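Q: For the sequence shown, my numbering begins at 1 and goes up steadily by one.
Heads up, the beta-carbon is just placed ideally off N, CA and C, and yes, glycines get one too.
These numbers come from a predicted model, not from an experiment.
Here it is: the structure, laid out below.
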Amino acid sequence: MSPNAPRQPAASPVAPRTAAVEILCLWATTHNPVDHLYQTTAPRLAEIDRGLVKTLVYGVLRHKQYLDHIIRRFSRHPLRKMKVRTLMTLRLGVFQLLLLSRIPESAAVNATVNTLKAAGQPGWLVGFVNGLLRAVVRERTTLPTPEALAAAEPPLLNHPDWLVQRWQARFGDPLTREICRRNNTEPPLTLRTNTRRTGRALLRARFEQSGIVVENGRYSPAALVVPAFPGAVAALPGYVEGQFQVQDEAAQLASLLIPPLPARCRVLDGCAGLGGKTSHLAELLPAGGTLVAVEPDRRRYGLLRENLARLGLGGSVDALRTDLAQFAATRPAPFDAILIDAPCSGTGVIRRQPDIRWNRQPEDLETYQRDQLQLLAIAARLLKPGGVLVYATCSLEPEENEQTVARFRERHPDFTIDPAGPLLPEAAGRLVDADGCFHPTPADGLDGFFAARLRHRPACRLPGQCL
């Protein structure tokens with residue numbers, strides 16, 4: 001373009017409720033992860049509106065069953081026959097009116113109805129949605145709360161029936177209700193201090209000097225919890241300098257199952273993702289150690305490299321854009337310790353990714369287990385005799401956790417489970433199950449998680465002669 005050519009005017013930002021409806025409609029028709037849909041939409045939003053859009057979208061997904069219950073009280077038209085845009089607009093409006101007190105009623109109704117007008121919807125439909133939302137305003141003091149419906153029999157827990165039933169069978173009714181309650185509550189922001197650049201006390205003091213309410217984590221020695229921070233994480237003091245990484249305490253504790261490590265050790269993160277655990281392992285790595293991280297997805301690999309660079313750990317990690325099978329085919333030197341943070345159903349992180357509950361089906365668990373066993377089998381071949389293999393998921397489901405470990409050990413009897421308790425801070429001992437595996441649920445105030453520390457025990461042909 002010629003430097004003298006007139007500049008094209010910048011596109012106007014998308015209105016927040018229009019964006020929220022767009023994201024919800026895309027999710028309903030594609031079942032793509034809502035976080036990815038939000039990240040794709042965010043550049044079209046005014047920066048001041050991004051937090052509101054995320055609150056609206058995630059809030060609707062957290063309370064979908066409750067919102068539908070309310071809509072049915074005011075609509076004779078079956079929800080299953082409504083167009084996706086109509087239903088999502090109604091859910092958005094009711095969520096603001098009943099569960100988002102900071103939004104004035106007039107703004108909740110008018111701005112939500114305007115999304116239909118902007119989309120060119122017919123006048124009768126605009127009138128229907130407007131009338132229903134105004135009826136909710138008139139009767140709001142008589143309507144049941146989510147808490148009242150959750151305490152009813154049968155309870156309305158804003159989770160699919162199949163998931164509630166399997167949790168009730170395993171955890172019992174009280175714990176299941178508490179897990180669901182936590183999943184329906186926006187979680188706090190949890191950070192891991194980058195101990196290569198600062199200390200937790202210093203970082204906390206820096207936050208407090210900026211007027212940010214912050215607490216020490218309950219379990220992880222590096223954790224800080226910000227109970228309510230509506231802004232962007234990148235705006236927090238210390239972010240640009242790489243003094244912290246966003247990471248739940250459960251994930252922080254899982255990385256502690258890798259040490260102790262010998263000098264000049266070799267460590268592999270076989271499913272690096274965005275690098276939360278990779279960067280933590282880099283901090284824990286002894287001098288002279290080597291850390292390799294593999295991640296095949298282009299977008300995630302790019303973010304992995306960005307995170308490591310921001311944290312000042314790029315030179316400590318050999319990050320490769322490949323998958324574990326392809327990496328194993330290069331016949332690398334064996335590793336002292338390997339972390340397999342396996343792709344899973346994610347039922348332990350529903351409080352952070354509320355669409356997971358609606359995107360999963362029971363038959364998915366078998367598929368995940370098959371893939372997890374393949375990853376473990378590859379990792380076993382890459383491990384030194386006597387090495388440590390930590391298997392982790394953010395799932396609550398036994399098919400992906402205890403059963404996966406049991407099936408792996410049936411095929412690899414030279415692996416035993418090292419108890420996790422002695423490797424974790426004392427307060428976290430209560431999060432270790434009877435088999436010695438780290439296994440918190442959202443009821444513990446953490447993400448639901450599972451981690452088993454598997455130790456390779458070389459086979460012995462004769463007493464005192466191990467191979």
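Assign VAL349 to one of three DSSP states: helix, strand, or coil.
A: Along the sequence shown, read from residue 1 onward, the residue named residue 349 stands at position 349. Coil.
Q: Here's the rule: buried if 16 or more other CB atoms are within 10 angstroms of the residue's CB, otherwise exposed. What is THR249?
A: Within the sequence shown, the letter at position 249 stands for residue 249. It should be noted that the sequence gives Glu, not Thr, for residue 249. The residue in question, GLU249, is buried, as its Cβ has 16 or more Cβ neighbours within 10 Å.
Q: Rounded to whole angstroms, what is the Cα-Cα separation between ASN216 and ILE340?
A: What you label residue 216 is simply residue 216 of the sequence shown in a count that begins at 1. What you label residue 340 is simply residue 340 of the sequence shown in a count that begins at 1. Rounded to the nearest angstrom, the two C-alpha atoms are 28 angstroms apart.
Q: Name the residue from ASN130, VAL246, LEU423, THR347 whose alpha carbon lies nearest to the alpha carbon of GLY436.
A: Start at 1 with the first residue of the sequence shown, and residue 436 comes out as number 436. GLY436 has its Cα closest to that of LEU423, out of ASN130, VAL246, LEU423, THR347.
Q: With 16 other CB atoms within 10 Å as the buried threshold, where does LEU268 fall?
A: Taking the first residue of the sequence shown as 1, we reach residue 268 at position 268. Buried.
Q: Are the region 161-181 and the region 38-48 in contact at 8 angstroms, needing three or more beta carbon pairs?
A: They do not touch, by the three-pair rule.
Q: Using CA coordinates, which residue listed in THR330, SER395, ASN194 is at the minimum distance from PRO362?
A: Along the sequence shown, read from residue 1 onward, the residue named residue 362 stands at position 362. Looking at the Cα atoms, SER395 is the closest of the given residues.
Q: Between SER210 and GLN245, which are expected to be in contact by the criterion C-beta below 8 angstroms, what is the C-beta distance as a whole number of angstroms?
A: By 1-based counting over the sequence shown, the position of residue 210 is 210. By 1-based counting over the sequence shown, the position of residue 245 is 245. SER210 to GLN245, Cβ: 19 angstroms. No contact.
Q: Report buried or exposed for ALA103, applying the criterion of at least 16 other Cβ atoms within 10 angstroms of its Cβ.
A: By one-based count along the sequence shown, residue 103 stands at place 103. According to the sequence as given, residue 103 is Ile; it is not Ala. Buried, since its Cβ has 16 or more Cβ neighbours within 10 Å.
Q: If you follow the alpha helix (DSSP H) that HIS69 is in, where does it begin and where does it stop?
A: Stepping through the sequence shown from its first residue, residue 69 is reached at position 69. Counting along the chain, the alpha helix (DSSP H) containing HIS69 begins and ends at 64-74.
Q: Is it right to say SER345 is buried, meaning 16 or more other beta carbons lie within 10 angstroms of its own, or is it exposed?
A: In the sequence shown, residue 345 corresponds to position 345, counting from 1. Answer is buried; the Cβ neighbour count reaches 16.
Q: By the DSSP assignment, the beta strand (DSSP E) with GLN245 in it spans what residues?
A: Residue 245 sits at position 245 when you count from the first residue of the sequence shown. Unbroken beta strand (DSSP E) run through GLN245: 244-246.
Q: I need the DSSP call for GLU208, collapsed to helix, strand or coil.
A: The residue you call residue 208 lines up with position 208 of the sequence shown. Note: GLU208 maps to helix in three-state DSSP.
Q: Alpha helix (DSSP H) containing HIS36: first to last residue?
A: Taking the sequence shown and counting its residues from 1, one reaches residue 36 at position 36. Segment 34-41, the alpha helix (DSSP H) holding HIS36.
Q: Out of VAL294, ASN307, LYS81, which one is the CA nearest neighbour of ALA328?
A: Residue numbering aside, residue 328 sits at position 328 when the sequence shown is read from its first letter. Nearest C-alpha to ALA328: VAL294.
Q: Please state whether the Cβ-Cβ distance between VAL317 and ALA282 is less than 7 angstroms.
A: Start at 1 with the first residue of the sequence shown, and residue 317 comes out as number 317. Start at 1 with the first residue of the sequence shown, and residue 282 comes out as number 282. Yes, the pair counts as a contact, with Cβ atoms nearer than the cut-off.
Q: Tell me the start and end of each unbroken beta strand (DSSP E) in the region 339-416 that is at least 3 residues and wholly inside, in chain order.
A: If we require 3 residues or more, the beta strand (DSSP E) runs fully inside the region 339-416 come out as 383-393.
Q: Are ARG17 and THR112 closer than 7 angstroms when you measure CB to CB?
A: Within the sequence shown, the letter at position 17 stands for residue 17. Within the sequence shown, the letter at position 112 stands for residue 112. Taking 7 angstroms as the Cβ cut-off, ARG17 and THR112 qualify as a contacting pair.
Q: Do you know offhand how far ILE179's Cα is from PRO260's?
A: Mapped onto the sequence shown, residue 179 falls at position 179. Mapped onto the sequence shown, residue 260 falls at position 260. Answer to the nearest angstrom: the Cα atoms are 33 angstroms apart.
Q: Short of 6 angstroms in beta carbon distance, which residues of its chain neighbour SER2, apart from the five on each side in sequence? Order them along the chain.
A: Here residue 2 refers to the residue found at position 2 of the sequence shown. Interpretation of SER2 is limited by its pLDDT of 47, a score under 50 that renders its predicted location unreliable; no figure is taken from the coordinates.
Q: Going by the DSSP bridge assignment, what does ALA451 pair with across the sheet?
A: What you label residue 451 is simply residue 451 of the sequence shown in a count that begins at 1. DSSP lists ALA392, PHE438 as partners of ALA451.
Q: Bridge partners of GLU215, per DSSP?
A: As a working note, residue 215 is residue 215 in the sequence shown. DSSP output for GLU215 lists VAL225 as bridge partner(s).
Q: Can you name the start and end residues of the beta strand (DSSP E) that VAL136 belongs to?
A: The residue labelled residue 136 in the question sits at position 136 within the sequence shown. Looking at the DSSP string, VAL136 is not in any beta strand (DSSP E); the run it does join, the alpha helix (DSSP H), is 123-139.
Q: Can you check which of these residues, VAL60, GLU47, ALA325, ILE48, is closest to ALA20 by C-alpha distance?
A: Walking along the sequence shown from the start, residue 20 turns up at place 20. Closest option to ALA20, Cα to Cα, is VAL60.
Q: Residues in the same chain with beta-carbon distance under 8 angstroms from THR195, minus the five sequence neighbours each way, listed in chain order, please.
A: By one-based count along the sequence shown, residue 195 stands at place 195. Hits under 8 angstroms: ALA222, GLU283.
Q: Report all residues from its chain with a CB closer than 6 angstroms to the CB of LEU439; omit the five preceding and five following residues, and keep chain order.
A: Taking the sequence shown and counting its residues from 1, the one referred to as residue 439 is at position 439. Looking at the sequence shown, residue 439 is not Leu but His. Same-chain partners within the cutoff: ASP433, PHE450.
Q: Do GLU400 and GLN353 come within 7 angstroms of each other at the CB atom, strictly closer than that value?
A: As a first step, residue 353 is located in the sequence shown; it is residue number 353 there, counting from the start. As a first step, residue 400 is located in the sequence shown; it is residue number 400 there, counting from the start. Not in contact: GLN353 and GLU400 (Cβ atoms no closer than 7 angstroms).
Q: Give me, in chain order, the residues of the same chain whose beta-carbon lies closer than 8 angstroms to that of PRO13; leave out the 5 immediate sequence neighbours on both sides.
A: Position 13 of the sequence shown, counted from the start, is the residue given in the question as residue 13. Same-chain partners within the cutoff: ARG44, LEU45, ALA46, ASP49.
Q: Quick check on ASP447: buried or exposed, where buried means 16 or more other Cβ atoms within 10 Å of its Cβ?
A: Residue 447 sits at position 447 when you count from the first residue of the sequence shown. The residue in question, ASP447, is buried, as its Cβ has 16 or more Cβ neighbours within 10 Å.
Q: On the premise that GLY276 lies in contact with GLN247, defined as a C-beta separation below 8 angstroms, what is that separation, rounded to the nearest angstrom?
A: One-based indexing of the sequence shown puts residue 247 at position 247. One-based indexing of the sequence shown puts residue 276 at position 276. Indeed, because the Cβ distance is near 5 angstroms, the residues count as touching under 8 angstroms.
Q: May I have the straight-line CA-CA distance separating ILE70 from LEU365, to the nearest angstrom?
A: Stepping through the sequence shown from its first residue, residue 70 is reached at position 70. Stepping through the sequence shown from its first residue, residue 365 is reached at position 365. Going from the Cα of ILE70 to the Cα of LEU365 covers about 32 angstroms.
Q: For ALA293, which beta-bridge partners are listed by DSSP?
A: Indexing the sequence shown from 1 puts residue 293 at position 293. According to DSSP, ALA293 bridges with ASP269, ALA319.
Q: Could you pull out every residue in the same chain whose Cβ sits closer than 6 angstroms to the Cβ of ILE356, ignoring the five residues on either side in sequence?
A: The sequence position of residue 356 within the sequence shown is 356, counting from 1. So the list reads GLY346, ILE350, once near-sequence residues are dropped.
Q: Just the C-alpha distance for GLY120 and CYS25, rounded to the nearest angstrom, thanks.
A: Residue 120 sits at position 120 when you count from the first residue of the sequence shown. Residue 25 sits at position 25 when you count from the first residue of the sequence shown. So the two alpha carbons sit approximately 16 angstroms from each other.
Q: DSSP on LEU261, reduced to helix/strand/coil?
A: For the purposes of this step, residue 261 is identified with residue 261 of the sequence shown, where counting begins at 1. Coil.
Q: Exposed or buried, which one is PRO542 when buried takes at least 16 other CB atoms within 10 Å?
A: The chain is shown from 1 up to 467; residue 542 falls before or after that span and cannot be answered.
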